[in-house]
Amino acid sequence: MTDKNLRFLVVDDFSTMRRIIRNLLKDLGFNNVEEAEDGAMALKKLRDSNFDFVVSDWNMPNMDGLTMLQNVRADDALKDIPVLMVTAEAKKENIIAAAQAGANGYIVKPFTAATLDEKLNKIIQNMAVHA
Amino acid sequence: MNNSFDTDKKVIDHLERLTRVLHSCLSELGYDQRLQLASHEISSSKDGLSYIVSKSAQAAESSLQAVENAKPILNNLSANAVSLHKLWSQIPETTVASIANQPVLNNALQQTLYFLHNVPDQAASTHSYLTEIMVAQNFHDLTGQVIHNIFRTIEAIEHEMLQLLIDSSAQKEAAAKSNNSLLNGPVITPQKQGEVFVNQAQVDDLLTELGF
């Protein structure tokens, strides 16, 4: 049984994309969603309060998604939060770099609602197993 | 030491001479005017791109707003149909039997029940079409990133236009360098970009290979 109270942080510099992901999460029953415009703001929010899940873009000003992910994994208080990358960056090197940095999933844009649903559930199931 | 200094100086002198020749050739050909014209064209291309960005942002935002407005209406419609169906289904069987000999009333009852029964399914299909419309708005993010990159390129060209003649080799180096970056934005020409993954299945395969 998925906990619908999971607290999400959606990180993307495009407000349209944040809104789309927020709406998709709502359709999946997750209403506890916050947003951040870039990696730096996301890190601040993650450190200031508790989040259960991060959905992040890669290419953003100030701090990109990979750097944010590396910072999250290097921070003892944050290192276990699942991070799902949703990005237009689609080179083999990108996917390898994200996997090595500790991403829990990788979705290439443009994506479908079904893909987000599937990857999200896979990660949430793994969370339950390791909890 | 002295030798390499002499060589450098020779190269620089040669470059200077070449540049002067090139400059006077270009002036004779009227290229200084062409450059002026080009600078005007560049500026209006930038305006054009800004226009595309703002119009597509508006279109995406209003589509999202419409979808967000429509979904609760649809959910209400579905919930109301369910509760109305329940109400009508609670009519005692004896009452239903008593109108069996009134074909008009009986027909109206059966069709209403059938209609109410089907509303939730139809609302669910409509809901998923609305989701499709909503997700399709991510074009704004993708085209926006590409336009942003083009915009930056144009700006760089604008600033470098005059110097471009002199340090073209440095430009080539910079271009080659940016190809190895991890920040490339959406894939617009997969055949030209080496190893890129344009669909989710390819990404999944690679992640599986990597042990995910």
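Residue numbers (the numbering used here), protein chains in the order written: chain D, 674 to 804; chain S, 920 to 1131. Beta carbons are placed, not taken as given, at the ideal position from N, Cα and C, and that holds for glycine.
Asked	Found
Any chain S beta carbon closer than 8 Å to F784(D)	yes
Beta carbon proximity, N732(D) to chain S, threshold 8 Å	yes
Nearest-angstrom Cβ-Cβ length linking F681(D) and L698(D), presumed shorter than 8 Å	6 Å
Check whether V756(D) and N777(D) have beta carbons under 8 Å apart	yes
Cα-Cα separation between A713(D) and N735(D), rounded to whole angstroms	6 Å
L1032(S) (DSSP reduced to helix, strand or coil)	helix
Cβ pair R695(D), E710(D) closer than 8 Å	no
Within-8 Å CB hit, L751(D) to chain S	no
C-beta neighbour in chain S for L739(D), strict 8 Å	yes
Secondary structure of F724(D), DSSP reduced to three states	coil
Buried versus exposed, by CB contacts within 10 Å (16 or more), V1023(S)	exposed
Contact set between A770(D) and chain S, taken where Cβ atoms lie within less than 7 Å	L1101
Contact belief for A989(S) with Q1056(S) at Cβ below 8 Å, rounded distance in angstroms	A989(S) to Q1056(S), Cβ: 14 Å. No contact.
C-alpha gap between V706(D) and T938(S), whole angstroms	59 Å
Inter-residue Cα distance where the pair is S962(S) and K752(D)	47 Å
Best match in L789(D), R746(D), F784(D) for proximity to A771(D) [C-alpha to C-alpha]	R746(D)
Option nearest D685(D) by Cα separation, candidates A715(D), I796(D), T675(D), N767(D)	A715(D)
Environment of A985(S) [buried if 16+ CB atoms lie within 10 Å]	exposed
Sub-8 Å separation of K782(D) and P1105(S) beta-carbons	yes
Beta-carbon proximity list for A1042(S), same chain, < 8 Å, skipping 5 on both sides	L993, N994, L996, S997, A1000
Contacts of M690(D) in chain S (Cβ-Cβ under 7 Å)	N1057, D1060
Own chain residues within Cβ distance below 7 Å of G738(D), not counting five before or after	V684, G712, S729, D730, W731, M758, T760
C-beta atoms of E762(D) and N1068(S) nearer than 8 Å	no
Short CB-CB distance (under 8 Å) between P1022(S) and chain D	no
Per DSSP, cross-strand counterpart(s) of M800(D)	Beta-bridge pairing links M800(D) to no other residue.
F1116(S) vs I796(D) beta-carbon contact at 8 Å	no
A707(D) (DSSP reduced to helix, strand or coil)	Rather than Ala, the amino acid found at residue 707(D) in this sequence is Glu. Three-state result, E707(D): strand.
8 Å Cβ cutoff, D676(D) in contact with chain S	no
Cβ pair K765(D), I780(D) closer than 8 Å	no
Residue range of the unbroken alpha helix (DSSP H) whose run includes G738(D)	738 to 747
Validate contact between the region 960 to 974 of chain S and the region 1069 to 1078 of chain S using beta carbons, cut 8 Å, 3 pairs	yes
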